[in-house]
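Undergrad: Next up is a structure, given as structure tokens.
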Amino acid sequence: MRNPLESKITLGVLTVCLAALSSLALASQPQQRAAVFAQDKGKFTIQLDGQTVGHEEFEISPAGGGWAAQGTTDLKVPDSPASRVTGTLTLQPDGAPISYEWSSHAEKTNGARILFANGVAKITLQMQGARPFEQDMTFNTPLIAVLDNNLYYQYGVLARVYDWSKRGAQNLPVLIPQELTPGSVTVDSTGSVSAKGKSYDGLRVTTSDVEVMLYLDSNHRLMRLEVPAAKVSVVRD
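Residue numbers (the working numbering): 4 to 240.
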């Protein structure tokens, strides 16, 4: 007859072994990033060479199991007609886009709807007076940065998607919907920066032809944006 104490020791060893195997299995699974967004709402003033040329109102809020980020910009640049552009972006909790819709109202009204799935962007473009145009763009990852023309709240979304726990230069594919242009963007933390006597966390966003500086508060909300080469400043009211 087996010693009861011996049985208890055997069971104890088995329990420890199973726990260790379970921990190893969990460690081998790919780790997903937690939700990166926080609710935000505000208004930006857009300046060109020191002169106010427009405003943007935006909101980032929970939507179903994900998030919705939307903004509307009204612009009146000298020697150009007044225009309004609206963009609505729905996102997974980790920042991967689900869909994007934009519309532009100036001399003509244009718009598009984009659906993202498995690293593919399915675009349906509607131009005033023309038949809809469809195009697919393929990316290597579902985590794609959407940075549309004159919709600066999307840089606030990018600041959330940036992995602050790793820091350093991080590369992402990027889509500029109004131009139907794919590309890539490098985002890098610059540490503490100052503007107008205030201190911020800085992010440098670089593409093949432009550099954008983001000024963020301690909660990584976008407070200010500068495009030095274009003499553009975007400041939260």
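For glycine and all other residues, C-beta sits at the position ideal for the given N, C-alpha and C.
Let me check understanding here. Comparing Cα to Cα, which of 188, 136, 231 lies closest to residue 115?
TA: The sequence position of residue 115 within the sequence shown is 112, counting from 1. Nearest of 188, 136, 231 to residue 115, Cα basis: 136.
Undergrad: Straight-line CA distance for residue 93 to residue 87?
TA: On the sequence shown, residue 93 is found 90 positions in, with the first residue counted as 1. On the sequence shown, residue 87 is found 84 positions in, with the first residue counted as 1. Taking the straight line joining both Cα atoms gives about 20 Å.
Undergrad: Between the Cα of residue 139 and those of 185, 155, 202, 224, spot the shortest distance and give me the residue it belongs to.
TA: The residue given as residue 139 occupies position 136 in the sequence shown. Nearest of 185, 155, 202, 224 to residue 139, Cα basis: 185.
Undergrad: Hey, quick one: how far does the beta strand (DSSP E) through residue 218 stretch, first residue to last?
TA: As a working mapping, residue 218 is identified with position 215 in the sequence shown. First-last of the beta strand (DSSP E) with residue 218: 214–219.
Undergrad: In terms of alpha-carbon separation, which member of 84, 109, 174, 118 lies closest to residue 1?
TA: Because the chain spans 4 through 240 in this model, residue 1 falls outside it and cannot be assessed.
Undergrad: Going by alpha carbons, who is nearest to residue 240 out of 198, 234, 89, 227?
TA: As a first step, residue 240 must be located in the sequence shown, where it is residue number 237. Of 198, 234, 89, 227, the residue nearest in Cα terms is 227.
Undergrad: Measure the alpha-carbon distance for residue 144 versus residue 74 and round it to whole angstroms.
TA: Within the sequence shown, residue 144 is the residue found at index 141, counting from 1. Within the sequence shown, residue 74 is the residue found at index 71, counting from 1. Approximately 25 Å, taken between the alpha carbons.
Undergrad: In its own chain, which residues sit with a C-beta less than 6 Å from the C-beta of residue 104, not counting the 5 before and 5 after it?
TA: Here residue 104 refers to the residue found at position 101 of the sequence shown. So the list reads 91, 116, once near-sequence residues are dropped.
Undergrad: Which stretch, first to last residue, makes up the alpha helix (DSSP H) that contains residue 164?
TA: Here residue 164 is taken as the residue at index 161 of the sequence shown, counted from 1. 156–164 is the span of the alpha helix (DSSP H), which, as asked, contains residue 164.
Undergrad: Using DSSP bridges, identify the partner residues of residue 57.
TA: As a first step, residue 57 is located in the sequence shown; it is residue number 54 there, counting from the start. Beta-bridge pairing links residue 57 to 49, 78.
Undergrad: Please confirm whether residue 235 and residue 51 have their CB atoms less than 7 Å apart.
TA: For this step, residue 235 is matched to residue 232 along the sequence shown. For this step, residue 51 is matched to residue 48 along the sequence shown. The answer is yes: Cβ separation under 7 Å.
Undergrad: Can you tell me the Cβ-Cβ gap for residue 222 and residue 41, rounded? I've got them flagged as a contact below 8 Å.
TA: Taking the first residue of the sequence shown as 1, we reach residue 222 at position 219. Taking the first residue of the sequence shown as 1, we reach residue 41 at position 38. Confirmed, about 7 Å.
Undergrad: If you drop the 5 nearest sequence neighbours on each side, which residues of the same chain put their C-beta closer than 6 Å to that of residue 171?
TA: Here the question's residue 171 lines up with position 168 in the sequence shown. No residues qualify anywhere along the chain.
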